[in-house]
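Enquirer: Pasting a structure here, questions to come.
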Amino acid sequence: MSVAHRVMDVRRVRLEPLTMHRAGDFLEAVGRSKQLHRHWVYPPATKEAFRSFVARFRDPSHVGFLVLTEGSELAGVVNASEIVRSCFQSAYLGYYGFAPFERQGYMTAGIAEALKALFGRHKLQRIEANIQPDNMASIRLVKRLGFRYEGLSPRYLKVGGRWRDHQRWALLAEEFRPPPRR
């Protein structure tokens with residue numbers, strides 16, 4: 001079944017800019033999600049680290065969103081980094097969810113909303129997601145959203161103090177089909 005014809009049932013979410021406003025909620029979510037994140041990602045775990053993280057998003061080469069549930073609970077984070085303009089119009093996609101909201105469709109919906117903004121308002125042409133090969137949940141997520149596999153990048157990114165291989169997945173603006181919301 002082609003991406004354009006695949007039907008996904010995703011949760012309703014709301015995106016909020018990544019600011020210090022929700023620092024307490026963010027740090028609490030990071031604390032309860034350590035097992036979920038394992039070696040995939042190491043989000044800021046102190047107020048000072050979170051402040052530095054948020055400061056990056058004041059630069060026009062970064063855009064960050066908090067993913068909120070229907071009840072305004074923090075379900076995850078989505079960001080675009082290293083945005084390159086001119087004839088490139090491209091960025092790297094980063095994301096992670098928080099317990100207890102994993103595997104419930106919140107991140108699929110949140111990333112879809114972020115992609116709408118990145119391809120629309122921010123006028124990007126290409127979004128690339130780099131994922132560790134054994135992170136099957138993340139690979140399934142980008143596949144659901146229409147990303148295509150482009151190859152393996154050995155020892156691509158240092159995560160948790162170790163160089164790790166990553167699969168490169170990409171989506172072009174004209175390929176993106178937002179999933180229907182429930």
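In my numbering, the protein residues as written are 1 to 182.
The C-beta atom is built at its ideal place from N, Cα and C for all residues, glycine as well.
1) CA-CA distance, ARG32 and VAL41?
2) Secondary structure at GLU150, three-state DSSP: helix, strand or coil?
3) Which whole runs of the alpha helix (DSSP H) in the stretch 75-152 are 4 residues long or more, in chain order?
4) Report the rounded CA-to-CA distance for GLU150 versus TRP169, giving the unit in angstroms.
5) Report the option in LEU115, ARG85, TYR106, ASN135 whose CA atom is closest to the CA atom of GLU73.
6) Go to ASP165, then tell me how far its beta strand (DSSP E) extends in each direction, as first and last residue.
7) Helix, strand or coil for GLY24, going by three-state DSSP, please let me know.
8) Check the C-beta distance from ASN79 over to PHE98 and give it rounded, since I have them as a contact under 8 Å.
9) How big is the Cα-Cα spacing for PHE50 and HIS122?
10) My understanding is that VAL13 touches LEU68, with C-beta atoms under 8 Å, so please give their C-beta distance in whole angstroms.
11) Indicate the three-state DSSP secondary structure (helix, strand or coil) for VAL159 in the structure shown.
12) SER138: buried (16+ other C-beta within 10 angstroms of its C-beta) or exposed?
13) What number of angstroms, rounded off, separates the C-alpha of LEU124 from the C-alpha of HIS62?
14) Considering only their Cβ atoms, is the gap separating TYR92 from GLU128 smaller than 8 Å?
15) Determine the contact status of LEU27 and ALA114, defining contact as a CB-CB distance below 8 Å.
16) From this set, HIS37, LYS116, THR46, which residue's C-alpha is nearest GLY76's C-alpha?
17) According to the Cβ coordinates, are PRO178 and ALA117 closer than 8 Å?
Expert: Here's the rundown:
1) Going from the Cα of ARG32 to the Cα of VAL41 covers about 14 Å.
2) Strand.
3) 106-119, 136-144, all fully within the stretch 75-152.
4) Separation of GLU150 and TRP169 (C-alpha to C-alpha, rounded to the nearest whole angstrom) is 6 Å.
5) Nearest option by C-alpha distance: TYR106.
6) It spans 162-172 - the beta strand (DSSP E) in which ASP165 sits, taken as one unbroken run.
7) Note: GLY24 maps to helix in three-state DSSP.
8) About 14 Å separates the CB atoms of ASN79 and PHE98; that is not less than 8 Å, and the two are not in contact.
9) Taking the straight line from one Cα to the other gives about 24 Å.
10) Under the criterion of beta carbons closer than 8 Å, VAL13 and LEU68 qualify as touching, at roughly 6 Å.
11) Strand.
12) Around the beta carbon of SER138, 16 or more other beta carbons lie within 10 angstroms, which makes this residue buried.
13) Straight through space, the alpha carbons of HIS62 and LEU124 are spaced by roughly 12 Å.
14) Yes, they are a contact pair.
15) No, these two residues do not count as a Cβ contact at 8 Å.
16) Proximity to GLY76 across HIS37, LYS116, THR46 peaks at HIS37, based on C-alpha coordinates.
17) Result no, Cβ atoms of PRO178 and ALA117 do not sit closer than 8 Å.
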